[in-house]
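Colleague: Take this structure, written in structure tokens, and hold onto it; I'll ask about it next.
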Amino acid sequence: MRIIRKKLKVFLFLVAILASTAGYAQLKTVTGKITDASSGESLPGATIAVMGTTLGTITNLDGEFSLDIPTDAKTLQFAFVGMKSKEVEIGSQTTFNITLEEDLIGLDEVVVIGYGSVKKSDATGAVIAISSDDFNKGAITSAQDLLVGKGAGVVITSAGGAPGSGSTIRIRGGSSLNASNDPLIIIDGIPIDNNDVSGSSNFLSFVNPNDIESFNILKDASATAIYGSRASNGVIIINTKKGKAGSPMKINFDMNTSVATAIEFIDVYSGDELRKIALDNKDLYGADSYNMLWGENTNWQEEIFQTAISQDNNLSVAGSYKALPYRVSIGYTDQAGIMKNTDMQRLTGSLSLNPTLLDGDLKVNLNAKGMITDNNFGDTGALGSAITMDPTKPIYDDSQTGSAGYFQWNNYGANLGTPNPVEQLMDADNKSKVKRIVGNIQLNYRIPFLPELRANLNMATDFSSGEGHNNRPVTSPSNLTAPYWGRLSNYSSENKNDLFDFYFNYVKDLEQINSVIDATAGYSWQHFQREGDSWTRGYTDEDHPYQETKSSYITENYLVSFFGRLNYTLADKYLFTATVRQDGSSRFAGDNQWGLFPSAAFAWKIKEESFLKDVDAVSSLKLRLGWGVTGQQDIGNDYPAQATYISSSEGSYYPIGGQYIPTLRPSAYDPNIKWEETTTENIGIDFGFFNERVSGSFDVYKRVTDDLLNTVTVPTGSNFSNTLLTNVGSLENKGAEFSLNLIPISKKDMSLEIGLNLTYNENKITKLLLNDDPDYIGILYGSAFTGTNQVTRVGYPAYSFFLNQQVYDNNGNPIEGLYTDISGDGGVVAGDNSDKYIYHNPVADVLIGLSARFNYKNFDVSASTRTSIGNYVYNQVAAGTSYDQMYQIGYWKNFPQYLSDTQFVKRQFTSDYFVSNASFFKLDNFSIGYTYADIKGKMIPRLSFTVQNVLTITNYEGIDPEVQGGMDNNFYPRPRTFMVGIGFTY
Amino acid sequence: MYKNKILIAIFLSALMIASCVKDLDVKPMDPDVILAGNLGDDPVYMQQVLGKIYASFIIEGQGANGGADISASDGAFFTTMRALWNLQELTTDEAICAWGDVGIADLNTQTWSPSNPFLTALYQRLGLSITYANDFIRLTKDDPSMVQYNAEARFLRALAYTWFIDLFANPPFTTEEDGVGNFYPEQIQRADLFNYIESELKSIEGLLGEPKFSYPQADRAAAQMLLARLYLNAEVYTGIPQWENCKTYTDLVINSGNYSLASNYRQNFSADNGAAQNPEMIFAWEQDGVNTQGYVGTTFIIESSSDATYIRAEDYHGLTSNTNWNGNRATREFMNLLVDTLSTYGGAPIPADDVEFSQSKDSRVYLKMKKSIDIPSASASGDYGVGVYKFTANNADGSQAANYNPAFASTDFPVFRLADAYLMRAEALFNMGDANGAVADINTIRERAFGNTDGNITSAELTSQFILDERGREFYYEAQRRTDLVRFGQFTDGNHKWQWKGGTYDGSQTSSHLNIFPIPGDEVSANQNILQNSGY
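Chains as they are written, first to last, in the numbering used here: chain A, 1 to 986; chain B, 987 to 1522.
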């Protein structure tokens, strides 16, 4: 495919030549006035532009304008915010008195779909368009966070509050267990590989949120199936801002400063309280134990957190140079974490050029984005250490040797106990640098001899590299650096992805049969290559040199696809869509290499029927029916169907023939592995009333995944591991979504918009094994240290909690170690899987997003909230607490005060006591802004103040009820952030 | 002009489609990944595949390249030798572990269930070693240059099946005739498996290398020792004792002249315990601080038996990194057996300052009293009980190991050493009615232990119990105890009790079905052909 890169250069050259062919001509003056069609009031600040040039002006306070235009100019465009723009042939006319009509909100909005776009009113699938007006406000560094709570059926959960950290996106629940559940993300026509380079914490970080114009979220299979094998979890199409033809240069500069703090700490025992516990429990801990406590009252959590001040600056220049619309932007973010020694600096740049050439026959769209990020990850393990570190000890202890002045337990204590959290955090040198450049060129060419036919070519390349290190000094406790003393650890990785898309689009208006045909057919080729290496070395002994462990990998996969779509519109009332995609994936072998993914949809614009046409209250009404099949091939292994042998790294050699040699292990493989297939059915209604002042949609859907890939325990002796990823199961998601947009106030000076969305999803596993064993316990999750506490079992939602049922005394306190003997077998009940039961699951039943935006003159206020109902969380921080763990052979540990509630002497990891309903209401952000709109001046400053993570209402006892995956184990806490922003538009 | 150029470019692009479809047939790019079809490209590849079968018993996997061999919650924790050690020792009087990890307490107190992670991992890993061996045997069976390697793979398969027959009785049975994929192996019955192992070992005996041809690869003596061990336990496995056969094969090893007892008992458990320095070692699992490392095997035994207060790994074993896991120690009952406290201290309390039992004349005593000899609860800290430091990462003379690593021992894990041949033969002779012959073999072992004849016994003193006890004294912490106790009927019975057997302070009788471990629950659900062992 090197040939593609060469071609890219040729095309760029062509574009450059063609762009320079615009000429100059003689001028004439046109004048006029622009007014509001309904009120008759004049419209100051409306724009007038000569189509195909950079010429233009705006109206004065009285709505009047005057403009010199070339005598050969053909068309003038008149536009005003909130009005439908108008294009007028110039001819010999010199006076233009124009009335503009109010835009029916949203109806003419264009939604981007796979390989094309449609008017929202003509969309047949379940599609959400979210534009920059609706984005969340505040110090947002990751693109996903703009969308949190904004779309029905779209659930975004951030991994935590670490600087630059990413979020997971789930659209209509997960359709897989072992394969990826991430949606396919397409940015400016480039499908992005979700597999990120090492050292990066967010695969979307190369997109500056300020550059994003809109998100289009395709939810049902009739919309997504044209992306075939990568569309099972929905598709998010992101378009960035572009320059507009004919518009003058506009400069935008934003400076944001934010201050973030931790909202709360986990209540742990103070030094005094721990001393009291030691005195009260001498029987348990032994006589010497109390003497091992010192006299301090160190609040370790306070010592590792800080108030973090961050900066975010963005500059963009957009406009049209002659016939060349352009936009250039640069952004710099310096974000500090609320944990000390964690921060991120990011520089992003983007360039887009989108000229229209050859009398409008050739549309060119050139995009380039670049990013350099420096991450400092610190050591988030210090969070847990700060909870369990003995509070009677000081941070520093000069009397110790070999600990760099810090207090540390002797070798043994830090190994099995708690390292000093301050040392753990501050002495970590854990940094990475990530670079990425993504570029593409899209050509859309109208075939001269067949004007209904357009050819589209899209070539893209995406290169990213990450490198970093995670070092510790020799003075760190050895459990942080094992098996070495001190540690030097380097890693680097590189991803290279190339894309080549080509398709034809044919649109024909068949007036004689009152129909429109819109057909698309094309081909797509993508190549993904990932490689990387890492090494770790450290001192093993003063007399011995460094020892080193190394590893490296390189892997690739290809996707080759053919696709087609036919839209047929009859009488502008009945819309039919059919798509088909034939996908080939290099991950599979033989007959399984190719998969066929069809879809069909029908939409009925009921509003256009005669019985509704004249009902003014109803401004739009449409019924949608859709069906489609999508696939999943992102299964985490590029060669799962091939018999391969993998070599061992140094340290895992064995002597054969007197020499230590690497060993070669046959890898487990399934020669018949294939795609997962998800079939989606969707019924939806889009409605609008009162001139779209009330609008929304309602969808119900069912998604069934078959040939579900599951890592199952294979019969011993049948394969080269105890487990194998193979197509054995099925699962289904059923749900309903409702969204409503209200515009109670829409005046020139004042407006109020309210958006509400409601998501209900039910996940159920329907099959998990090759043989349907009704006694199959399911896939168990847990660790050797905590036992099993989650299960994926037939008939239940994935990742349900799987625990012993706690027995309580008369006062409602849990009785330690006493659980219901569910199996009735007697014997040990605690931890015995046959005595456990399924007790709720981490996913919310219902999610409600509610947001509002209010404008009054120059003020604007916006807020967004989320409500989550029925999400359960296992509080692992509480579950790890017990009195017997507090003191062991000379070292003490601290615990959260949950222990005072349970009074457990031994840890009870399998008690359902630790699972609680973590339903919550969150006011995610609140923003207030003032725009100094002096239209006479050139500079338009804007001031804003935003608070993020304002308020959380919940009964959950832990720090934050929003826990990705439902296991609360001390993740980096989400801060509360106050941001002041100042912006200038020139 | 431009229009035509663009049109040409577009159609040229369209023509590329055909060539790109071929891209779907990919080959791994990673030089560490070798396709099955390319194993013939370099002769070292087959050595490396053979090396994997050996390594699968002792280290967790491919290291940074490919991770552990099985998916389990912790790779090192659930490596074959470590899981085997736990099943063979924690269930007996020789060891009790203080850790709170799921499944440990169940082994300490003989209350395990089919979901116990250690028995699950051991079952799966033994099966995996067999599957690796089957693959290698299949690849090499028609290659005349691979006869000896092929026989080694068959030995390793027979060894894995021997642990299967001992621990689980009726495992799934596969050979090189079975392929790889998604199928349900048949279960084999214990007696049938006995016959299979016996015939395999007999047929490879002549194909294996000469003794010590390339330590630590399996040679003819290793196969003879495995046959002897199989015959030693024949009555347990088949109901029919085969003492004569046991004697035949131990004779072959002892009389071959290839091995002799190390003058220093500790040599067998030191970093220089390999065959090059140690005349006693017949077959062992390699451990090396640089090349064959992991928190497994002897590193695990040493560190889990060390603690910060009483037996510091820094002081006792020269290990300084990630040390003193403070888990395993022995019970008072085992101390009494090894130290022979009654004769050593004459019924008086052991002096508080003699924590290392220095008055004992038996040089095999590597025990140390901790906070107290008694262990106050089944999950009490490792500071209670009788510490064991028999295995060490130092050389036998106390010097530092050749490939020293502060975290990993270089001490090989002994599977067969000559002392075992003597004691197996002694037991066979005793059961064949030749008490004098038996006493001669036992005294050979005891003379090495005592450094003189002070510890020798007479045939009048020889009892069945003495043989069991002598095996305990000689082989403690070598993962043999459970097998021995089962063979002598003392694993679950009410006569031989030790602290926390059955979950009680002084120990109590347990059910005899525990003499065999259950088939893991995971296996019973995964393979419809596998029936659970009775009693579970």
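For each residue, glycine too, the CB sits at the ideal point set by N, CA and C.
#1: Quick check on the DSSP output: the alpha helix (DSSP H) that includes GLU273/A runs from which residue to which?
#2: Take TYR645/A as the anchor and find which of ASN1310/B, ASP1060/B and GLN1034/B has the nearest alpha-carbon.
#3: List the DSSP bridge partners of ALA1270/B.
#4: Residues in the same chain with beta-carbon distance under 6 Å from ALA22/A, minus the five sequence neighbours each way, listed in chain order, please.
#5: Using only the alpha-carbon positions, how far apart do PHE1180/B and ALA1214/B sit?
#6: Taking GLN1048/B as the reference, which of GLY1192/B, THR1278/B and LEU1112/B has the closest Cα?
#7: Considering only residues of the same chain and omitting the five flanking positions on each side of ILE754/A, which have a CB-CB separation below 6 Å?
#8: Residues in its own chain within less than 7 Å of LEU988/A by CB, not counting five upstream and five downstream?
#9: Count the other CB atoms, across all protein chains shown, that sit within 10 Å of the CB of THR1327/B; report buried if there are 16 or more and exposed otherwise.
#10: What residues from chain B crowd round ASN410/A, counting only those whose CB sits closer than 8 Å?
#11: Going by the CB atoms, is the gap between GLN311/A and THR224/A shorter than 9 Å?
#12: Relative to chain A, which residues along the stretch 1150-1169 of chain B have a C-beta separation below 9 Å, given in chain order?
#13: Under 7 Å between beta-carbons, which chain B residues line up against ASP583/A? List them in chain order, please.
#14: Taking the alpha-carbon positions, what's the ASP1508/B to THR1106/B distance?
#15: Just reading off the alpha helix (DSSP H) that GLY595/A is part of, what are its end residues?
#16: Among ASP1348/B, SER1365/B, SER1307/B and GLY1275/B, which one has its Cα closest to the Cα of ARG1315/B?
#17: Using DSSP with H/G/I as helix, E/B as strand and the rest coil, what is SER1511/B?
#18: Establish whether the CB of GLN790/A and some CB of chain B are separated by less than 9 Å.
#19: Under a CB-based cut-off of 9 Å, is PHE563/A close to chain B?
#20: Could you tell me whether the Cβ of LYS6/A comes closer than 9 Å to any Cβ of chain B?
#21: Three or more C-beta pairs under 8 Å: does that hold for the stretch 169-178 of chain A against the stretch 964-972 of chain A?
#22: Taking the alpha-carbon positions, what's the SER1496/B to TRP1486/B distance?
#23: Give a yes or no on whether 9 Å exceeds the smallest Cβ distance from GLY23/A to chain B.
#24: Let me check understanding here. Comparing Cα to Cα, which of ASN557/A, ASP533/A and ARG565/A lies closest to LYS550/A?
#25: Give the residues of chain A in contact with GLN1134/B, contact being defined as C-beta atoms less than 7 Å apart.
#26: Pairs of beta-carbons, one from the stretch 1053-1073 of chain B and one from the stretch 756-765 of chain A, closer than 8 Å: are there three or more?
#27: Assuming TRP675/A and GLN632/A make a contact with CB atoms under 8 Å, what is their CB distance in whole Å?
#28: Going by CA-CA distance only, name the one from VAL846/A, ARG665/A and ALA918/A that's closest to ILE1116/B.
#29: Taking all protein chains shown into account, decide if LYS1013/B is buried (16 or more other Cβ within 10 angstroms of its Cβ) or exposed.
#30: Out of curiosity, what's the CA-to-CA distance linking PHE203/A and PHE500/A?
#31: On the three-state DSSP scale, how would you describe ARG1143/B?
#32: Spell out whether any CB of chain A is found under 9 Å from the CB atom of ILE1045/B.
#33: Mind pulling the alpha helix (DSSP H) runs of 4 or more residues that sit fully within the stretch 461-497 of chain A?
#34: Can you tell me whether SER1131/B is buried or exposed? The criterion is at least 16 other CB atoms within 10 Å of its CB, across all chains shown.
#35: Could you tell me which chain A residues have their CB closer than 8 Å to the CB of ILE1056/B, listed as they occur along the chain?
#36: Runs of 3 residues minimum, wholly inside the stretch 714-758 of chain A: which ones carry the beta strand (DSSP E) assignment?
Modeller: From the atom records:
#1: For the purposes of this step, residue 273/A is identified with residue 273 of the first sequence, where counting begins at 1. 271-280 is the span of the alpha helix (DSSP H), which, as asked, contains GLU273/A.
#2: Stepping through the first sequence from its first residue, residue 645/A is reached at position 645. When only C-alpha atoms are compared, the closest one is GLN1034/B.
#3: For this step, residue 1270/B is matched to residue 284 along the second sequence. Note: ALA1270/B sits in a beta bridge opposite PRO1400/B.
#4: Taking the first residue of the first sequence as position 1, residue 22/A is located at position 22. Because ALA22/A sits at a pLDDT of 41, beneath the cut-off of 50, its placement in the model cannot be relied upon, and the point is left open.
#5: Position 194 of the second sequence holds residue 1180/B. Position 228 of the second sequence holds residue 1214/B. One Cα belongs to PHE1180/B, the other to ALA1214/B, and the distance between them is close to 12 Å.
#6: Counting from 1 along the second sequence, the entry for residue 1048/B is found at position 62. Closest by alpha carbon: THR1278/B.
#7: Position 754 of the first sequence, counted from the start, is the residue given in the question as residue 754/A. Closer than 6 Å at Cβ, skipping near neighbours: LEU742 and ALA852.
#8: Nothing can be reported for residue 988/A, as the shown portion of chain A is limited to 1 through 986.
#9: Reading the second sequence from its first residue, position 341 is the one you call residue 1327/B. The residue in question, THR1327/B, is buried, as its Cβ has 16 or more Cβ neighbours within 10 Å.
#10: The residue given as residue 410/A occupies position 410 in the first sequence. In chain order: ALA1294.
#11: Position 224 of the first sequence, counted from the first residue, corresponds to residue 224/A. Position 311 of the first sequence, counted from the first residue, corresponds to residue 311/A. Against a cut-off of 9 Å, the Cβ pair of GLN311/A and THR224/A comes out as no contact.
#12: PRO1157, PRO1158, PHE1159, THR1160, ASP1164, GLY1165, VAL1166, GLY1167, ASN1168 and PHE1169
#13: Here residue 583/A corresponds to residue number 583 of the first sequence, with the count starting at 1. Chain B residues near ASP583/A: none, gap ~10 Å exceeds 7 Å.
#14: Locating residue 1508/B in the second sequence gives position 522, counting from the first residue. Locating residue 1106/B in the second sequence gives position 120, counting from the first residue. Going from the Cα of ASP1508/B to the Cα of THR1106/B covers about 8 Å.
#15: In the first sequence, counting from the first residue as 1, residue 595/A sits at position 595. Careful: GLY595/A lies outside any alpha helix (DSSP H), inside the beta strand (DSSP E) at 594-605.
#16: In the second sequence, counting from the first residue as 1, residue 1315/B sits at position 329. Ranking the options by Cα distance to ARG1315/B, first place goes to SER1365/B.
#17: Counting from 1 along the second sequence, the entry for residue 1511/B is found at position 525. Correct three-state label for SER1511/B: helix.
#18: To locate residue 790/A, count along the first sequence from 1; it is residue 790. With 9 Å as the cut-off, GLN790/A does not count as an interface residue toward chain B.
#19: Mapped onto the first sequence, residue 563/A falls at position 563. In terms of beta-carbon proximity, PHE563/A stays away from the interface with chain B, with every pair separated by 9 Å or more.
#20: Counted from its first residue, the first sequence places residue 6/A at position 6. Here LYS6/A scores only 44 on pLDDT, less than 50, and its place in the model should not be relied on; the value that follows carries that caveat. So no, LYS6/A is outside the interface.
#21: no
#22: As a working note, residue 1496/B is residue 510 in the second sequence. As a working note, residue 1486/B is residue 500 in the second sequence. Reading off the sequence, residue 1496/B comes out as Thr, not Ser. One C-alpha to the other measures close to 11 Å.
#23: Numbered from 1 along the first sequence, position 23 holds the residue referred to as residue 23/A. Note that GLY23/A scores a pLDDT of 41, beneath 50, so its modelled location is shaky and nothing firm can be said.
#24: Mapped onto the first sequence, residue 550/A falls at position 550. The residue with the shortest Cα to Cα distance from LYS550/A is ASP533/A.
#25: Taking the second sequence and counting its residues from 1, the one referred to as residue 1134/B is at position 148. Ordered by position in chain A, no residue passes the 7 Å Cβ test against GLN1134/B, which lies about 11 Å from the chain.
#26: no
#27: On the first sequence, position 675 is the one that residue 675/A refers to. On the first sequence, position 632 is the one that residue 632/A refers to. Their Cβ separation, rounded to whole angstroms, is 6 Å, which keeps TRP675/A and GLN632/A in contact under 8 Å.
#28: Here residue 1116/B refers to the residue found at position 130 when the second sequence is read from its first residue. The shortest Cα separation from ILE1116/B among VAL846/A, ARG665/A and ALA918/A belongs to ARG665/A.
#29: Reading the second sequence from its first residue, position 27 is the one you call residue 1013/B. Under this definition LYS1013/B is an exposed residue.
#30: Within the first sequence, residue 203/A is the residue found at index 203, counting from 1. Within the first sequence, residue 500/A is the residue found at index 500, counting from 1. So the alpha carbons of these two residues sit roughly 21 Å apart.
#31: Taking the first residue of the second sequence as 1, we reach residue 1143/B at position 157. Helix.
#32: To locate residue 1045/B, count along the second sequence from 1; it is residue 59. So yes, ILE1045/B belongs to the interface.
#33: none
#34: Taking the first residue of the second sequence as 1, we reach residue 1131/B at position 145. Flag for SER1131/B reads exposed.
#35: To locate residue 1056/B, count along the second sequence from 1; it is residue 70. Within 8 Å Cβ-Cβ: SER721, ASN722 and THR723.
#36: 723-746
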